[in-house]
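At position 117 of the sequence shown (counting the first as 1) the number is 117 in full-length UniProt numbering, and the numbers step up by one without a gap.
Ideal Cβ placement from N, Cα and C applies to all residues, glycine included.
This report concerns only the one structure given below.
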Amino acid sequence: MIALREEITQFFDIEVFYFMPVRDILVLSTDRGLKCFKKVDYSVETLLFIHGGKEHLVSRGFIDIDRFNLSREDLPYVMLGDEIYVLTDWIDARECELENPIELKAATEKLAMMHEASIGYTNIPEGARVRDDLGRLLTRFEKRCNEFLRMRKMAEKRKSMFDYEYLFTYLYYFDLAKEALEKLRNSNYLKLCEEAKEKRGFIHRDYSYHNILYTHDSDVYIIDFDYLTYDLRIVDLTSFMQKVLKRIHWDIKTGESILNWYSNVSPLSKDELELVYMILLFPYRYWKTCNRYYNGKKSWSEKAFTNKLHEVIAEKEFHYDFVRWLEKQI
C-alpha cells in the first residue's frame, strides 16, 4: 500500500495522505482534496478519445463531469505495469433517484445539456481511436431480428424450461421487432445520421442510475463516459427512457414528461420523435434477456433466467400501451 501511494505521488503532482477502496476505485485523501484512482479496461487510444470528448464539454462550459486529472507528463492516464489508471476529483454526491420526479427532471435536462455541449467535437487528440456508431442502428435491428429465428431453432432442439417459455412467447415479440425494423427502413434515420455527422456531437451510451450523481445543491453530475461515441442523441434518450419506464410499468405520463423536459432544453424534431417511437417499439428487454441466455455467458441459473423472462413478459401490455400512445403523438 505504501508503494502504491508513492507511485501515485510520483505520477501526479499531489501528496497522498491515505486512501481506501470503495467498490472498484481507490478514494485518495490528498493535499488537493479527495480524488478517485481507478483502473480502466479499454486501450490508451480509446481513453484519449474519451478524454478529448470530456475536455470538449468543459470547453463548452459543461463542467459537471468526472474530468481526468493530468499526470506530471500532461497525460490523462498513468501506466502501472500493463494496466491503465485514471485520476479524477471526488464528487460529493449520491446516485440519482430517478423514481423521484424532481431528480428525474434534473437528470433529463442534464442529458439534453450534455448533448448540446457535445456538438462540434472535432479536435480529436493525437493517437486517439475514434468511435463512431452513426448509421449502425439499422444493421443492429436486422441482426437482432435474425437472432430471434436462430434462438428459436436452438430452443426447439434443447427443450429446457426457458426454451419452452421462449417458444411460447417469442412470436409476439418477433412481430414487434419486424415492425420496428420495417418502420426504421422507411424512416429518415439515415438523413438524421448525415446531419449528425456535420454536427459531430457525441453521446454517453450508458446514461443510467449509477452514472448520474445528485449533489447536496440539487445539481447533477455525469460520470463514467467509458462508452462515449458519435451517434444520434436519440440513442441516449431512448436508452434512458427504457431504464426509467421499465420500473414503473411504462407509465405514459412519465414518458411524456421526459420527452417534454428534454425538448424544453433541446427541441426534438419530428423525425427524431419518430425515431424515439421506433426504438422503443423494438422489444429490447425481451431480446436482451433471451440473447443473454442463448448466446452469452450464463452467469445466472436456469430458474433465474426464466424468472427474468417472466418479469419482462409481465410488462407486455404496459409496453404495448405506451408505444401505441407514442405512435399517436408523431
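Here S71 is buried. Its C-beta has 16 or more other C-beta atoms within 10 Å.
The DSSP-derived three-state label of S29 is strand.
Per the Cβ contact rule, the stretch 58 to 72 is in contact with the stretch 221 to 237 (3 or more Cβ pairs under 8 Å). For the 9 Å CB-CB criterion, A155 and Y166 form a contact.
Our two residues, M161 and N295, have alpha carbons roughly 17 Å apart in a direct line. If you draw a straight line from the Cα of L149 to the Cα of E15, it comes to about 58 Å.
By the beta-carbon neighbour count (other beta carbons within 10 angstroms, threshold 16), H216 is exposed. Taking a contact to require three or more Cβ pairs closer than 8 Å, the stretch 259 to 267 and the stretch 137 to 149 do not qualify as touching.
Unbroken beta strand (DSSP E) runs of no fewer than 3 residues, entirely contained in the stretch 215 to 268, are found at 220 to 222, following chain order. When only Cα atoms are considered, Y207 and E97 end up about 13 Å apart. In the assembly as shown, I50 is a buried residue. Its beta-carbon has 16 or more other beta-carbons within 10 Å. Rounded to the nearest angstrom, the gap between the Cα atoms of K153 and F11 is 55 Å. In the structure shown, the three-state DSSP call for C96 is coil. Rounded to the nearest whole angstrom, the CA to CA distance from P101 to R158 is 45 Å. V40 carries a strand assignment under DSSP once its states are collapsed to helix, strand and coil. The stretch 21 to 32 and the stretch 102 to 110 do not touch, with fewer than three beta-carbon pairs separated by less than 8 Å.
DSSP places Y293 in the helix class (H, G or I) of the three-state scheme.
In the three-state DSSP reduction, Y172 falls in the helix class (H, G or I). For P101, the enclosing alpha helix (DSSP H) covers residues 101 to 118. The three-state reading of DSSP puts D64 in coil, since its state is none of H, G, I, E or B.
Beyond the five residues adjoining it in sequence on each side, V40 comes within less than 8 Å, by CB distance, of L47, Y77, I84, Y85, V86, D226 in the same chain, given in chain order.
With fewer than 16 other CB atoms across the displayed protein chains lying within 10 angstroms of its CB, N307 is exposed. According to DSSP, residue pairing for V323 in a beta bridge does not occur. Between I330 and L245, the CB-CB gap reaches or exceeds 9 Å.
Under the three-pair Cβ rule at 8 Å, the stretch 225 to 241 counts as touching the stretch 193 to 207. Between the stretch 280 to 297 and the stretch 189 to 200 there are fewer than three inter-stretch CB-CB distances shorter than 8 Å, so the stretches are not counted as touching. Collapsing the DSSP output to three states places T88 in a strand.
In this structure, D13 is the residue among D13, G33, K54 with its C-alpha nearest to the C-alpha of E73.
S43 is not a Cβ neighbour of R131, given a cutoff of 9 Å.
Judged by DSSP secondary structure, F17 falls within the beta strand (DSSP E) whose first and last residues are 16 to 22. Under the 10 Å beta carbon count, H115 is surrounded by 16 or more other beta carbons and is classified as buried. Boundaries of the alpha helix (DSSP H) around V276: 270 to 281.
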